[in-house]
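Visitor:
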Amino acid sequence: MTSPVKKSKKKAMSGDAGFDYTALIPEGVDEDIRAKIEKFLLGEPASDSLRLEALGLFAKTLMTNPSYQKKVQDALGNGCVSSANDDLFAKEGTSSENSMETSADCGDKKCVPNSDVQVECAAEDRQRINVGWFTGPSDVKEEYDHKIAVYSQRLGCQLYNFISYPVGGAKRGFWQPSSSSYSPPPIDLPDVQLQNHLWETYVNGQISSWLDCDSEDEQLAALSERELLKELNYLAYMGLRSTVVQLKHADSPRLARILNQWLWTKNVNLCMWVLVPTAMDNLIHSPSDTRDCWTVWADFRKLCSNFSSQKLIAGLHLTPDIDEEFVDQKLISRWKAEPLAAFCVDVDVFVSDQSLRHLCLPPAHSNLLAELWMSDNGRLMVRGSREAETPPSVQLQCAQALRAVVREVNRRPKGLTSAGFLVDANVNYVDVLQVPLQPLADNLDSGVYNTFEQDPVKYRRYREAVELAIRDFGESASRPEELVLYVLGAGRGPLVTCSLEAERNYNERFRCKRDRIRLKVFVVEKNANAIVTLRYMNSKYWRNRCVVIESDMRNIPEIAANNHYPQPDIIVSELLGSFGDNELSPECLDGVTSLLKPTTISIPQTYTSYVAPIMSLHMHQQIRLCGASYWNRGIPGHGRNGPTLQQDGSYRQIYP
1 MTSPVKKSKK KAMSGDAGFD YTALIPEGVD EDIRAKIEKF LLGEPASDSL RLEALGLFAK
61 TLMTNPSYQK KVQDALGNGC VSSANDDLFA KEGTSSENSM ETSADCGDKK CVPNSDVQVE
121 CAAEDRQRIN VGWFTGPSDV KEEYDHKIAV YSQRLGCQLY NFISYPVGGA KRGFWQPSSS
181 SYSPPPIDLP DVQLQNHLWE TYVNGQISSW LDCDSEDEQL AALSERELLK ELNYLAYMGL
241 RSTVVQLKHA DSPRLARILN QWLWTKNVNL CMWVLVPTAM DNLIHSPSDT RDCWTVWADF
301 RKLCSNFSSQ KLIAGLHLTP DIDEEFVDQK LISRWKAEPL AAFCVDVDVF VSDQSLRHLC
361 LPPAHSNLLA ELWMSDNGRL MVRGSREAET PPSVQLQCAQ ALRAVVREVN RRPKGLTSAG
421 FLVDANVNYV DVLQVPLQPL ADNLDSGVYN TFEQDPVKYR RYREAVELAI RDFGESASRP
481 EELVLYVLGA GRGPLVTCSL EAERNYNERF RCKRDRIRLK VFVVEKNANA IVTLRYMNSK
541 YWRNRCVVIE SDMRNIPEIA ANNHYPQPDI IVSELLGSFG DNELSPECLD GVTSLLKPTT
601 ISIPQTYTSY VAPIMSLHMH QQIRLCGASY WNRGIPGHGR NGPTLQQDGS YRQIYP
C-alpha cells in the first residue's frame with residue numbers, strides 16, 4: 001500500500017490533470033538546480049524565498065530551451081512565464097546581501113527595493129512602470145524574425161514589459177548599404193506569428209537603423225525615403241500602436257516632410273517616438289551650429305507642422321555623455337513643456353557598485369530621468385551594446401535600476417500645494433482645455449460637485465468667515481439668539497455643513513449652554529437632482545434644521561414673501577467659477593438684493609479675477625485641430641483630388 005506521503009507527492013508531481021510536471025525539467029540541468037525545482041514541483045514545505053527561487057529557476061530553464069516551448073504551452077499555459085516574472089520581481093531586494101539602500105556611485109538614489117512596502121508593491125510596479133528592451137544588432141538573431149514570441153518570452157524573464165523590434169525584421173533592420181549593394185532585404189516579419197492584441201501590447205516598432213533620408217549620399221537618401229514609406233505602411237498594416245524614429249542629423253527636413261505627410265494623410269492609431277540624443281556630438285551637424293538638443297527637437301517638431309502630441313512625441317536617448325542643457329535646471333525645464341514620454345538608456349550608461357552588486361544609473365542621468373518623469377504613461381527602454389551581446393543578468397539589473405529611479409519619483413510628495421490635494425483631485429484637468437461650466441443653463445452632475453468638494457482650503461476659509469460673521473452679530477448690542485442664513489446655490493451641501501460647523505465652533509468658544517446662538521438655515525438649489533442629496537443630508541446629518549428650497553435664486557424674494565420666510569442676516573454662495581463670473585455671478589446674486597437687510601453680511605463680500613499667460617504646446621495643438629472641420633483634417637478619402645499641402649504645413653483633403 002502506498003503511504004499517504006507518497007500519495008501526496010505523486011499528486012503534486014502529476015497535478016490535477018494527471019500531468020507529470022517534473023518531466024518538463026530539461027536534460028543537462030545542474031543537479032542542485034534540478035533538486036530545488038523538483039522539491040518545488042513536489043509541493044514539499046519550503047520558505048517563500050526558496051519557492052520563489054525555484055519558480056524562477058524553473059521558468060529560466062524552460063525559456064532557454066526552445067524545444068520545450070510547445071510542451072510548456074500545452075502543460076502550463078501561456079500564463080506561466082508571466083506569473084514567474086511577477087513572483088521574481090516581488091522577490092527583488094528581499095535578500096539581506098542585496099538590501100543596501102544607498103551607494104556612493106548612485107548618489108542619493110535607492111537602487112534596490114528594500115522596505116516591506118516596496119516588496120509588496122513590486123509586482124504592481126512592474127505592471128505600472130513599463131520598461132522595454134531596445135533590440136540591437138548584437139543581441140538578436142535573424143531566426144527571431146519568425147520566432148518573435150520566443151524572443152519576447154526570454155526578455156520577459158528579465159522583467160521587460162515590451163520589446164522595440166525592427167518592423168522589417170532583424171535582417172532588414174540592421175542591414176548596412178555598401179557601394180556595391182543598394183538593395184535592402186525585403187520586409188520579413190510575419191504578423192500571424194502573434195495575435196493582433198499581442199503585437200499592440202508587447203511590441204514597439206523600430207524603423208530600420210540604416211535609413212537616412214537626409215544623407216549627403218543622394219542615392220541612399222532617395223532609397224531611404226522609399227523604404228521608410230514601406231515600413232510605415234507595414235506598421236499600419238500590423239496594427240502596432242507605436243514606433244521609434246531616431247534622429248541622425250541636427251537638420252532633418254526630408255525625414256520631417258515624409259513623417260508630416262504620412263501623419264496628416266493616414267488615419268491610423270500610431271504614435272511616433274522621435275528619439276533625440278542627449279549630446280549634440282551624436283548628431284551630424286556643422287561645426288558652426290550652436291543649437292542644443294532641445295532646439296533640434298523644436299525645429300523638427302515645427303517641420304512636422306506641430307502635429308498633435310498624441311501621435312508625435314519626443315523621446316530622449318540617454319547616452320554616456322550628456323550636454324550641459326541636461327544638467328542645468330532651467331534648461332531641463334523646457335522639456336517639461338514638450339510631449340516627452342519615452343526614454344532610451346544605453347547599457348554603457350549604467351555603472352556597477354560593488355557594495356550593492358547591482359547596476360545603477362550615474363547621478364547625472366538618474367537626476368535627469370527623475371526630473372523629467374512626469375507620468376507612469378511614459379515608457380523606458382534599455383538599449384544593448386552594438387559590439388557585444390548583453391548578458392541576461394545585465395539586462396535584468398538594468399530593468400531593476402530604471403524602475404528603482406522611477407519608484408523614487410512616485411514616492412515623492414506631490415501636489416501644487418503642501419496639502420497635495422490638487423494632484424489627486426485634478427489629475428484629469430491638467431494641461432487640458434476646459435469648457436466653462438454653465439450651471440444656470442445645465443444641471444451639474446455629481447462628479448463635478450465631487451471635484452469642487454476636493455478643495456479643503458476653500459471650505460475651511462468659508463467656515464472661518466461664517467464664524468466671524470456670527471461673532472459680529474453675537475457681540476452686537478442686540479445679542480440675537482437666532483440668525484437667518486441663506487445658502488444660495490448649495491450644490492450637494494458642503495457650504496451648509498461649513499456653516500453649521502461655524503455655529504458650533506462659535507458657541508463652544510464664546511457662549512455658554514443657556515446662551516447659544518442658533519442658525520436658521522435656508523438652502524437654495526435649482527438642480528432637481530442635487531435636491532435629492534440635500535434632503536438626504538438634511539435628514540441624515542443636519543438633524544432637519546434646514547429648509548430646502550428647489551428654485552432659481554432669482555425667484556427667492558417672491559418665494560420668501562409667499563411663505564413668510566425671514567430676511568437673511570448672512571448669505572453664503574460660491575458662484576465664482578474659474579474666472580469669477582462664468583457661473584453668472586453677480587447676475588444671479590443680484591436677483592436676491594431686494595430680500596436683504598441693510599445689515600446683511602454677504603460671504604464672499606468681494607473677489608478679484610487674475611489673468612496669467614501660459615504656454616502649453618498640447619493645448620495649442622488642440623485649439624489648432626479645432627480650427628478645421630473633422631472632414632478637412634487630412635483624412636484620406638476617395639475623392640478625385642488628393643490631400644493638398646497648406647501654408648501652415650498641414651494637409652487638407654477636399655471632398656467632391
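Mapping the sequence shown onto UniProt numbering, position 157 (from 1) lands on 157, and the numbers just tick up by one. The C-beta atom is built at its ideal place from N, Cα and C for all residues, glycine as well.
Val523 and Ser551: beta carbons closer than 8 Å?
Guide: Going by C-beta atoms, Val523 is not nearer than 8 Å to Ser551.
Visitor: Sorted by chain position, which residues of the same chain lie with C-beta nearer than 6 Å to Thr102's C-beta, five sequence neighbours on each side aside?
Guide: Its pLDDT being 31, under 50, Thr102 is placed unreliably by the model, and nothing is read from it.
Visitor: Could you work out which residue in Ala528, Trp262 and Leu519 is closest to Pro568 when comparing CA atoms only?
Guide: The shortest Cα separation from Pro568 among Ala528, Trp262 and Leu519 belongs to Leu519.
Visitor: Hey, is the stretch 233–245 in contact with the stretch 276–288, meaning 3+ C-beta pairs nearer than 8 Å?
Guide: At 8 Å Cβ cutoff, the stretches do not touch.
Visitor: Would you report the Cα separation of His618 and Lys302, rounded to the nearest angstrom?
Guide: Answer to the nearest angstrom: the Cα atoms are 13 Å apart.
Visitor: Helix, strand or coil: how does DSSP classify Tyr165 here?
Guide: Strand, per DSSP.
Visitor: Assuming Asn443 contacts Asn529 (C-beta within less than 8 Å), just tell me the rounded distance between them.
Guide: Indeed they touch by this definition, with Cβ atoms about 6 Å apart.
Visitor: Here's a check: name, in chain order, each residue in its chain whose Cβ is nearer than 7 Å to the Cβ of Lys6, leaving out the five neighbours to either side.
Guide: With a pLDDT of 41 at Lys6, under the threshold of 50, the modelled position of this residue cannot be trusted; read the value that follows with caution. For Lys6, where only same-chain residues beyond five positions count, there are no Cβ hits under 7 Å.
Visitor: Kindly indicate the opening and closing residues of the alpha helix (DSSP H) around Tyr536.
Guide: Its alpha helix (DSSP H) spans residues Ala528 to Lys540.
Visitor: Assign Tyr182 to buried or exposed, taking buried as 16 or more other Cβ atoms, counted over all protein chains shown, within 10 Å of its Cβ.
Guide: The residue is exposed, with fewer than 16 neighbouring Cβ atoms inside 10 Å.
Visitor: Three or more C-beta pairs under 8 Å: does that hold for the stretch 251–260 against the stretch 206–220?
Guide: Verdict: yes, contact present.
Visitor: Out of Ser650, Ser602 and Leu380, which has the shortest C-alpha to C-alpha gap to Asn204?
Guide: Among Ser650, Ser602 and Leu380, the Cα nearest to that of Asn204 is on Leu380.
Visitor: Going by other Cβ atoms of all chains shown within 10 Å of its Cβ, with 16 needed for buried, is His146 buried or exposed?
Guide: It is exposed - the Cβ of His146 has fewer than 16 other Cβ atoms within 10 Å.
Visitor: Leaving aside the five residues before and after Asp108 along the sequence, list all residues of the same chain whose C-beta is less than 6 Å from its C-beta, in chain order.
Guide: Confidence in Asp108 is poor, its pLDDT being 38 and thus under 50, which makes the residue's placement unreliable; the coordinate value appears in the next sentence. Hits under 6 Å: none found.
Visitor: In terms of alpha-carbon separation, which member of Leu228, Glu503, Gly591 and Asn130 lies closest to Arg172?
Guide: Ranking Leu228, Glu503, Gly591 and Asn130 by Cα distance to Arg172 puts Leu228 first.
Visitor: Taking the straight line between their C-alpha atoms, what separation do you get for Pro643 and Glu143?
Guide: Cα to Cα, Pro643 sits roughly 40 Å from Glu143.
Visitor: Within 10 Å of its beta-carbon, does Leu318 have 16 or more other beta-carbons around it, so buried, or fewer, so exposed?
Guide: The residue in question, Leu318, is buried, as its Cβ has 16 or more Cβ neighbours within 10 Å.
Visitor: Within 8 Å of any Cβ in chain D, is that where the Cβ of Arg403 sits?
Guide: Structure shown: chain D not included; a single protein chain is present.
Visitor: Give the single residue among Ala222, Val547 and Phe350 whose Cα lies nearest to the Cα of Ile531.
Guide: For the residues Ala222, Val547 and Phe350, the minimum Cα distance to Ile531 belongs to Val547.
Visitor: With a threshold of 8 Å on Cβ separation, who are the neighbours of Ser305 within its own chain once the five nearest residues in sequence on each side are excluded?
Guide: Closer than 8 Å at Cβ, skipping near neighbours: Asn260, Trp264, Asp648, Gly649 and Ser650.
Visitor: My output table needs one value for Gln400: the three-state DSSP class, helix, strand or coil.
Guide: The answer is helix: DSSP assigns Gln400 an H, G or I state.
Visitor: To which residues does DSSP link Val345 through a beta bridge?
Guide: DSSP output for Val345 lists Leu318 and Val382 as bridge partner(s).
Visitor: Which full runs of the alpha helix (DSSP H) of 4+ residues lie inside the stretch 191–225, going along the chain?
Guide: Segments of the alpha helix (DSSP H) lying fully in the stretch 191–225: 196–202.
Visitor: Quick one: complete beta strand (DSSP E) runs, 3+ long, within the stretch 237–271?
Guide: Runs of the beta strand (DSSP E) inside the stretch 237–271: 242–246.
Visitor: On the criterion of 16 or more Cβ atoms from any shown chain inside 10 Å, does Thr290 qualify as buried, or is it exposed?
Guide: Looking at its Cβ environment, which holds fewer than 16 other Cβ atoms inside 10 Å, Thr290 is exposed.
Visitor: Is it a yes or a no for the stretch 596–604 touching the stretch 464–471, going by three-plus beta-carbon pairs under 8 Å?
Guide: The stretch 596–604 is in contact with the stretch 464–471.
Visitor: Hey, how far is the Cα of Val351 from the Cα of Thr497?
Guide: Cα to Cα, Val351 sits roughly 57 Å from Thr497.
Visitor: Do you know how far the Cα of Met553 is from the Cα of Gln400?
Guide: One C-alpha to the other measures close to 60 Å.
Visitor: I need the straight-line Cα distance from Asp251 to Leu275, nearest angstrom please.
Guide: Using only the alpha carbons, I get a separation of about 14 Å.
Visitor: Note down the Cα distance separating Cys398 from Phe343, rounded to an integer number of angstroms.
Guide: Spanning the two alpha carbons is a distance of roughly 13 Å.
Visitor: Pull up the distance between the alpha-carbon of Leu220 and that of Trp335, whole angstroms please.
Guide: Using only the alpha carbons, I get a separation of about 33 Å.
Visitor: Measure the CB-CB distance between Trp273 and Gly315 and report whether it falls below 8 Å.
Guide: Taking 8 Å as the Cβ cut-off, Trp273 and Gly315 qualify as a contacting pair.
Visitor: Is it buried or exposed, Asn161, if we count other Cβ atoms within 10 angstroms and call 16 or more buried?
Guide: That one is buried.
Visitor: Quick check: the Cα distance between Tyr486 and Leu402, rounded to an integer number of angstroms?
Guide: Cα to Cα, Tyr486 sits roughly 56 Å from Leu402.
Visitor: Compute the Euclidean distance between the alpha carbons of Leu369 and Lys248, then round it to the nearest angstrom.
Guide: Distance between the alpha carbons of Leu369 and Lys248: 22 Å.
Visitor: Do you know offhand how far Leu325's Cα is from Ser286's?
Guide: The amino acid at residue 325 is misidentified as Leu; the sequence shows Glu. Roughly 19 Å between the two C-alpha positions.
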